[in-house]
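Q:
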Amino acid sequence: MASESPPPMYTDFPLATLSTPQFGTGETDPFTVEASHMALAHNAFIRGFNSIYQQAPRVQAVDKADFVGYCLAWQHCVATHHHYEETELFININKACGRSDLMSTAVEEHKAFHGGMDRMKAYLQSEGANFKGDELINILDSFKDALHSHLKAEPPSIVALKQYNTAERPIDILGIADAAGKKQVNLSFIFNVLPVFLLNMDTADFEGGMWHDVFPPFKGVVKWILTKAVPMWHSGRWRFVSCSAEGRVKQLAV
2 MASESPPPMY TDFPLATLST PQFGTGETDP FTVEASHMAL AHNAFIRGFN SIYQQAPRVQ
62 AVDKADFVGY CLAWQHCVAT HHHYEETELF ININKACGRS DLMSTAVEEH KAFHGGMDRM
122 KAYLQSEGAN FKGDELINIL DSFKDALHSH LKAEPPSIVA LKQYNTAERP IDILGIADAA
182 GKKQVNLSFI FNVLPVFLLN MDTADFEGGM WHDVFPPFKG VVKWILTKAV PMWHSGRWRF
242 VSCSAEGRVK QLAV
């Protein structure tokens, strides 16, 4: 009897990844750089979504508990990211620019798909390893377009903030973003969520590898710990990621 076909390579389906503003324009001002970092983070969310979408119909019963853990980690990662945008990043951007409404569109965009993400979480927590692939896909389909539209629109809005940067009112956009990012990371997040972010990053080949060892800004021992040692905790769920610890798109688990 012929052996079963191996799992396929990950592909950018159904959501396309985003080009970074820096790659597209060649500009290296802080606003373009921060917008590019945001696009790279959003691409990790996109690859995470796609890896769930592609593997959900094929997951076997023996793997479903781990897959549910992976899906919930992705949902928590995206929800946490947006929570700290709304409670830290956007507020401090408005203060720095002397405005109160610059990021209001992004907040409204969050509302357009977070209901679907909440349904995804509730469904998986309720069904656990008894979830059905087609039912999960239906939930993902209900919010994927709104999610992708937001992830695509937000980086250009960061680039546009440079118009508010003046000698009289300089805006440290990189510092503001760095401070907000650090507040979402704690020990629980590192061990239970962070791998779904770091291991869905194609840094080796994406845009010619220009972001490898640049973003995320980890090198040496720290990079090894975060991409290889930490994922040993809950290793079963991190099988389903789209990229290797070396930052290359890989064959899917199922």
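Each step along the sequence shown adds one to the number in the working numbering, with nothing skipped, and position 41 is 42. Note that beta-carbon positions come from the ideal geometry of N, C-alpha and C, so glycine has one too.
Cutting at 8 angstroms between CB atoms, please list the residues of its own chain near Pro-156, excluding the five before and the five after it.
A: Leu-19, Thr-21, Pro-22, Ala-36, Ser-37, Met-39, Ala-40 and His-43
Q: From the DSSP output, in three-state form, read off Met-10 for me.
A: strand
Q: Would you give the residue range spanned by the alpha helix (DSSP H) that Asp-67 belongs to?
A: 65–85
Q: Can you grab the Cα-Cα spacing for the pair Glu-110 / Ala-147, in whole Å?
A: Roughly 7 angstroms between the two C-alpha positions.
Q: Would you kindly report the start and end of the unbroken alpha helix (DSSP H) that includes Glu-30?
A: The sequence as given places Asp at residue 30; Glu does not occur at that position. Segment: none, Asp-30 is in no alpha helix (DSSP H) and carries neither H nor E.
Q: Would you mind giving the Cβ-Cβ distance between Leu-199 and Phe-46, rounded to the nearest angstrom? I have them listed as a contact below 8 angstroms.
A: The pair is not a contact, with the Cβ atoms about 12 angstroms apart (cut-off 8 angstroms).
Q: Just to check my reading of the structure: Gly-248 and Ala-205 have Cβ atoms closer than 8 angstroms, yes? What is that Cβ distance to the nearest angstrom?
A: 4 angstroms
Q: Decide yes or no for the touch test of the stretch 116–123 against the stretch 135–146: beta carbon pairs closer than 8 angstroms, at least 3 of them.
A: yes
Q: Would you list the one or two residues that DSSP bridges to Val-242?
A: DSSP output for Val-242 lists no bridge partner at all.
Q: Would you call Pro-217 buried or exposed, if buried means 16 or more other Cβ atoms sit within 10 Å of its Cβ?
A: buried
Q: Using a Cβ-Cβ cutoff of less than 8 angstroms, which residues in the same chain neighbour Glu-5 once the five nearest sequence positions on both sides are dropped?
A: none
Q: Would you list the one or two residues that DSSP bridges to Phe-250?
A: Residue identity check: residue 250 is Val in the sequence provided, not Phe. DSSP lists Cys-244 as partners of Val-250.
Q: I'd like to know whether the C-beta atoms of Ile-177 and Asn-93 end up nearer to each other than 7 angstroms.
A: yes
Q: From Asp-30, Lys-133, Pro-7 and Asn-193, pick the residue whose C-alpha is nearest to that of Asn-166; which is it?
A: Asp-30
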